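These notes are about the structure you will find just below.
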Amino acid sequence: SDSQNGKDEL
Amino acid sequence: MNVFRLLGDVSHLVAIIILFLKIFRSKSCAGISGKSQVLFALVFTTRYLDLFTSFISIYNTVMKVVFLVLSYATVYLIYLRFRSSYDSESDTFRVEFLLVPVAGLSFLENYDFTPIEILWTFSIYLESVAILPQLFMITKTGEAESITTHYLFFLGLYRALYLANWVWRYHTEGFFDQIAVVSGVVQTIFYCDFFYLYVTKVLKGNSKLTLP
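If you're matching them up, the sequences are chains A and B in order.
One gets this note's numbering by counting positions in the first sequence from 1 and adding 8 to each.
One gets this note's numbering by counting positions in the second sequence from 1 and adding 18 to each.
Written out as structure tokens, the structure reads:
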């Protein structure tokens with residue numbers, strides 16, 4: 009889902 | 019992980035270490051905006067709450083912890099250990115003019131109306147403007163030590179490299195994070211004027227950055 013976007017980034 | 023992302027993270031880390039060591043070794047935070055550093059500590063705190071909810075990788079966890087620790091250590095040096103050198107009279111940017119709109123926008127425009135997601139969005143928006151008190155301070159005093167400009171250069175370079183990372187990820191993975199990308203573009207634009215002065219003045223051998 010969109011809400012997981014970017015979470016692997018700092 | 020691509021080369022732009024890795025170089026971006028290294029650049030971010032280098033910036034934070036440069037600032038910490040500058041203050042620690044000179045025992046002075048002259049010319050540094052404590053307000054910007056408090057905002058960055060707030061950025062890391064609100065973004066890395068997922069340390070408690072999800073594990074991504076050892077790299078991810080270690081970097082998050084290092085950024086958190088160094089940001090709070092820097093705030094400690096400025097406001098407690100070397101407080102007498104803190105130039106509060108030049109650090110007069112009104113941070114509520116950043117915090118209120120950023121908080122409001124993070125409630126309005128986010129991926130999911132949950133506390134952790136709103137706080138993550140808040141951190142992304144806040145990061146894009148957190149350097150403004152520092153840039154305002156340099157404009158006000160008309161100068162910056164070259165070590166401070168190296169800090170700003172690596173801090174600006176980090177988000178510019180993330181832009182390249184997002185272009186790469188869009189083409190290779192179809193990954194597109196609208197909130198991060200738009201904020202990242204805004205953030206990088208704030209540094210453009212500084213990048214120009216850095217290349218034309220500091221890299222030409224001037225010991226200080228002085229504004230015309």
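Where a beta carbon is used, it is the ideal one built from N, C-alpha and C, also for glycine.
Model, not experiment: these values are computed from the prediction.
Where residue i falls: helix, strand or coil (DSSP)
i: Ala285(B); result: A query on residue 285(B) cannot be resolved here, the shown segment of chain B reaching from 19 to 230 and no further.
i: Leu229(B); result: coil
i: Glu163(B); result: strand
i: Arg177(B); result: helix
i: Ser9(A); result: For Ser9(A), the pLDDT reaches just 35, beneath the cut-off of 50, and the residue's location in the model is therefore unreliable, leaving the point undetermined.
i: Lys219(B); result: coil
i: Thr63(B); result: helix
i: Ser108(B); result: coil
i: Gly192(B); result: coil
i: Val28(B); result: helix
i: Leu37(B); result: helix
i: Ile136(B); result: helix
i: Leu126(B); result: helix
i: Met19(B); result: coil
i: Ile149(B); result: coil
i: Leu18(A); result: coil
i: Val113(B); result: coil
Proximity winner among the options, relative to residue i (alpha-carbon distances)
i: Arg177(B); options: Arg112(B), Met19(B) and His30(B); result: His30(B)
i: Ile156(B); options: Leu181(B), Phe131(B), Ser108(B) and Leu179(B); result: Ser108(B)
i: Arg23(B); options: Leu179(B), Tyr209(B), Val87(B) and Ile134(B); result: Leu179(B)
i: Arg112(B); options: Gln152(B), Leu69(B) and Val87(B); result: Gln152(B)
i: Phe140(B); options: Leu67(B), Lys45(B) and Asp27(B); result: Leu67(B)
i: Tyr97(B); options: Leu126(B), Lys45(B) and Leu117(B); result: Lys45(B)
i: Tyr216(B); options: Phe62(B), Ser201(B), Thr166(B) and Arg65(B); result: Thr166(B)
i: Asn20(B); options: Tyr214(B), Tyr188(B), Asn183(B) and Asn224(B); result: Asn183(B)
i: Ser54(B); options: Asn128(B), Arg43(B) and Thr110(B); result: Thr110(B)
i: Asp105(B); options: Tyr77(B), Gly52(B), Leu60(B) and Phe131(B); result: Gly52(B)
i: Asp130(B); options: Pro230(B), Ile197(B) and Asp27(B); result: Ile197(B)
i: Phe62(B); options: Gly223(B), Val220(B), Met81(B) and Ile74(B); result: Met81(B)
i: Phe10(B); options: Pro230(B), Phe85(B), Asp27(B) and Thr218(B); result: Because chain B in this structure spans residues 19 to 230, residue 10(B) falls outside the shown range and cannot be described.
i: Thr92(B); options: Thr71(B), Val56(B) and Glu114(B); result: Val56(B)
i: Leu221(B); options: Arg99(B), Phe171(B), Val32(B) and Val120(B); result: Phe171(B)
8 Å contact criterion, which residue i and residue j should meet: CB distance rounded
i: Leu123(B); j: Tyr143(B); result: 6 Å
i: Leu137(B); j: Phe208(B); result: Not quite, the Cβ-Cβ distance comes to about 22 Å (not below 8 Å), so this is no contact.
i: Gly160(B); j: Thr79(B); result: That pair is no contact at about 42 Å.
i: Leu95(B); j: Cys47(B); result: 6 Å
i: Ala59(B); j: Ser103(B); result: Not really, about 19 Å apart at Cβ, beyond 8 Å.
i: Ala148(B); j: Lys226(B); result: That pair is no contact at about 24 Å.
i: Val87(B); j: Ser146(B); result: 23 Å between Cβ atoms; not a contact.
i: Ile41(B); j: Ile50(B); result: 7 Å
Which residues of the region 65-91 of chain B have a Cβ closer than 9 Å to any Cβ of chain A? Give them in chain order.
Flagged, chain order: Arg65, Tyr66, Asp68, Ser72, Ile74, Ser75, Asn78, Met81, Lys82 and Phe85.
Residues, ordered as in the chain, of the region 24-53 of chain B that lie near chain A by beta-carbon distance below 8 Å:
Asp27 and His30
Contiguous alpha helix (DSSP H) assignments of at least 4 residues, all confined to the region 72-108 of chain B:
76-94
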